[in-house]
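In what follows, a single structure is set out as structure tokens and then discussed.
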Amino acid sequence: MATLLIIDDEAIGESLAVAFRHQDYEVALAHTGSEARGRLEQRLFDIIVCDITLPDANGVELLEFVRQVSPDSVFLLMTGKEHPQELIIQALNLGADRYIVKSDRTVEEVQSVVRRAEEYLRTRRERDLYRRAARELARDNIIGQSRLMRAVLETARAVAPTNSTILITGESGTGKELVARRVHELSLRFDHPFVSLNCGAFPETLLESELFGYMKGAFTGATQNKQGLFQAAGGGTLFLDEIGEMSLPMQVKLLRVLQERTVRPLGTTEEERVDVRVIAATNKDLRQLVAEKMFREDLYYRISVIPLHVPPLRERPEDIPLLALHFLQRYSEQMGKPVRSLSEEALEALRHYLWPGNVRELENAMERAMALEAGEEISLRSLPEHISRVSAPGPGATLLPDGGINLEKHIQEQERAYLLAALECAQGVRTKAAELLGMSYRSFRHYAKKYKI
2 MATLLIIDDE
12 AIGESLAVAF
22 RHQDYEVALA
32 HTGSEARGRL
42 EQRLFDIIVC
52 DITLPDANGV
62 ELLEFVRQVS
72 PDSVFLLMTG
82 KEHPQELIIQ
92 ALNLGADRYI
102 VKSDRTVEEV
112 QSVVRRAEEY
122 LRTRRERDLY
132 RRAARELARD
142 NIIGQSRLMR
152 AVLETARAVA
162 PTNSTILITG
172 ESGTGKELVA
182 RRVHELSLRF
192 DHPFVSLNCG
202 AFPETLLESE
212 LFGYMKGAFT
222 GATQNKQGLF
232 QAAGGGTLFL
242 DEIGEMSLPM
252 QVKLLRVLQE
262 RTVRPLGTTE
272 EERVDVRVIA
282 ATNKDLRQLV
292 AEKMFREDLY
302 YRISVIPLHV
312 PPLRERPEDI
322 PLLALHFLQR
332 YSEQMGKPVR
342 SLSEEALEAL
352 RHYLWPGNVR
362 ELENAMERAM
372 ALEAGEEISL
382 RSLPEHISRV
392 SAPGPGATLL
402 PDGGINLEKH
412 IQEQERAYLL
422 AALECAQGVR
432 TKAAELLGMS
442 YRSFRHYAKK
452 YKI
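Sequential numbering of the sequence shown, starting at 2, is according to this note's numbering.
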């Protein structure tokens, strides 16, 4: 049952207290404003029923105090017919949830309103529980106990309550968007939208309309007004992935929005104010792009107020078993398979592979292995070939066999394996595969031609 505070110096207050106690409510009664303040300083109440006039205060003054110390309480105001309408309007503007005009049926009316207030509180608490659960779920998507990942998550937690722009850097597949979502979920904006956009997925003209929106008739095909992502993310967070792909003219427009906090949809000269936190991400070296005049220096400093670097998976191998088991459980449930573990050989192969595609490649490998596995644990043969053939030397073994090794051939085999792995992770997109391997597209083409890939 809800906890009630009844504030009234007349007989009606006593009648209400008796009626609610008979219904097993926990009730406190105060006869003056000062007495009510004292009770509110000691504890919080779910519902407060207050007379508009008290010996030492009025209900409006007390409402201001309540909203400071107990902003989530439902505040019900009792008034008489003689009280001026302006006072009631003032109370409603200050946050009173409902007012009740006293009559012969005041007790019954207050009981009815309190029951509805209880239902409202129950719904609000369920909503808050759902939001907290969603925030926990978002946190659970970032798996890692390594020192490097703990540092990333601690920084994300520390900067989340601020409104500063954040630049998340890291290779493709490291989980930059998950980190951005973590920041959003831990921020004061958590109950507003998180909107993401891949800046490299749109040509310049479409990117502008996606970000800022447009008015009907702004261009051929604009048959109706369209809200931009800055407006869609109102009050929340806009995540701009692959910001290094943005053209210089678009960078100028983005910089203006970040400075002025306004957007101008295509087809109008009117500005719209926006309240959005921007988190950007890139797998490129923006400092190098600035030096090459391919990225604006002023925009770089504007978006990198707080830098966050997500380390590649090869630098945190202790996270690989945790991530593998996380994905194993996910795809075991999705595919309805009783696979609950990995063989020691499979786990060793995962540990010693260098993961050019990072966490995304590991997830793809575990999904594939789960689809192929017929036993009760992921075996070495279920892993992709380029991963399964990477193994660590056994106990007492040396890197160089007794009979020696053809080093040139061995290096060529490894190079070819990494090219194939990067292509698989990039789903055949060669420019993306080149990025995963940290080389230029021209170099990638050279090696692909060399190994007939």
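Don't be surprised by glycine CBs; every beta carbon is placed ideally from N, CA and C.
Please return the same chain residues whose Cβ sits closer than 6 Å to the Cβ of Tyr301, not counting the five positions on each side in sequence.
Working through the sequence shown from its first residue, we reach residue 301 at position 300. Here the set comprises Leu287, Val291.
Check whether the Cβ atoms of Leu249 and Leu198 sit closer than 7 Å, and answer yes or no.
In the sequence shown, the residue the question calls residue 249 occupies position 248. In the sequence shown, the residue the question calls residue 198 occupies position 197. Inclusion of Leu249 and Leu198 in the CB contact set at 7 Å is not warranted, their separation being larger than that value.
Apart from the five residues just before and just after Lys227, which ones in its own chain have a Cβ nearer than 6 Å to its Cβ?
Indexing the sequence shown from 1 puts residue 227 at position 226. Counting only Cβ-Cβ distances below 6 Å, and skipping sequence neighbours, we find Gly214, Tyr215.
Beta carbon of Ser389, beta carbon of Ala422: below 7 Å?
What you label residue 389 is simply residue 388 of the sequence shown in a count that begins at 1. What you label residue 422 is simply residue 421 of the sequence shown in a count that begins at 1. For Ser389 and Ala422, no; Cβs fall outside 7 Å.
In the DSSP assignment, find the unbroken alpha helix (DSSP H) run with Ser248 in it and report its ends.
By one-based count along the sequence shown, residue 248 stands at place 247. Looking at the DSSP string, Ser248 is not in any alpha helix (DSSP H), and its letter there is neither H nor E.
For Glu273: DSSP bridge partner residues:
Taking the sequence shown and counting its residues from 1, the one referred to as residue 273 is at position 272. Val264.
Using only the alpha-carbon positions, how far apart do Val166 and Leu45 sit?
Along the sequence shown, read from residue 1 onward, the residue named residue 166 stands at position 165. Along the sequence shown, read from residue 1 onward, the residue named residue 45 stands at position 44. The sequence as given places Thr at residue 166; Val does not occur at that position. Going by the C-alpha atoms only, they are around 36 Å apart.
Count the other CB atoms within 10 Å of the CB of Asp47; is the residue buried (16 or more) or exposed (fewer)?
Numbered from 1 along the sequence shown, position 46 holds the residue referred to as residue 47. Per the 10 Å Cβ criterion, buried.
Arg315 versus Glu27: straight-line alpha-carbon distance, rounded
Numbered from 1 along the sequence shown, position 314 holds the residue referred to as residue 315. Numbered from 1 along the sequence shown, position 26 holds the residue referred to as residue 27. Spanning the two alpha carbons is a distance of roughly 58 Å.
Which stretch, first to last residue, makes up the beta strand (DSSP E) that contains Arg99?
By one-based count along the sequence shown, residue 99 stands at place 98. From DSSP, the beta strand (DSSP E) with Arg99 extends over 99-102.
How big is the Cα-Cα spacing for Ala370 and Ser383?
Taking the sequence shown and counting its residues from 1, one reaches residue 370 at position 369. Taking the sequence shown and counting its residues from 1, one reaches residue 383 at position 382. Spanning the two alpha carbons is a distance of roughly 5 Å.
Helix, strand or coil at Asp320 according to DSSP, with G and I counted as helix
In the sequence shown, counting from the first residue as 1, residue 320 sits at position 319. Reduced to three states, the DSSP call for Asp320 is helix.
Based on the DSSP secondary-structure assignment, which residues constitute the bridge partners of Thr238?
Position 237 of the sequence shown holds residue 238. Per DSSP, the beta-bridge partners of Thr238 are Phe195, Arg278.
Assuming Arg1 and Leu259 are in contact, meaning their beta carbons sit under 8 Å apart, how far apart are those beta carbons, in whole angstroms?
What the structure shows of the chain is the stretch from 2 to 454, and residue 1 is not part of that stretch, so it cannot be assessed.
Are the Cβ atoms of Pro313 and Thr175 separated by less than 7 Å?
Translated into the one-based positions of the sequence shown, residue 313 becomes position 312. Translated into the one-based positions of the sequence shown, residue 175 becomes position 174. Yes, the Cβ-Cβ distance between Pro313 and Thr175 is below 7 Å.
Inter-residue Cα distance where the pair is Arg40 and Arg125:
Working through the sequence shown from its first residue, we reach residue 40 at position 39. Working through the sequence shown from its first residue, we reach residue 125 at position 124. Those two C-alpha atoms are separated by around 24 Å.
Per DSSP, Gly228 forms a beta bridge with which residues?
In the sequence shown, residue 228 corresponds to position 227, counting from 1. The amino acid at residue 228 is misidentified as Gly; the sequence shows Gln. Note: Gln228 sits in a beta bridge opposite Gly214.
Taking Ile143 and Leu154 to be in contact with their CB atoms under 8 Å, please state how far apart those CB atoms are, rounded to whole angstroms.
Residue numbering aside, residue 143 sits at position 142 when the sequence shown is read from its first letter. Residue numbering aside, residue 154 sits at position 153 when the sequence shown is read from its first letter. Sure, about 7 Å apart at Cβ, within 8 Å.
In three-state terms, what does DSSP make of Phe21?
The residue labelled residue 21 in the question sits at position 20 within the sequence shown. DSSP, read as helix, strand or coil, puts Phe21 in helix.
Here's a check: name, in chain order, each residue in its chain whose Cβ is nearer than 7 Å to the Cβ of Phe203, leaving out the five neighbours to either side.
Along the sequence shown, one-based indexing puts residue 203 at 202. Apart from sequence neighbours up to five positions away, the residues of its chain that approach Phe203 with a beta-carbon distance below 7 Å are Glu211, ordered along the chain.
Closest Cα partner of Pro85 within the set Leu438, Val61, Val67
In the sequence shown, counting from the first residue as 1, residue 85 sits at position 84. Checking every option, the nearest Cα to that of Pro85 belongs to Val61.
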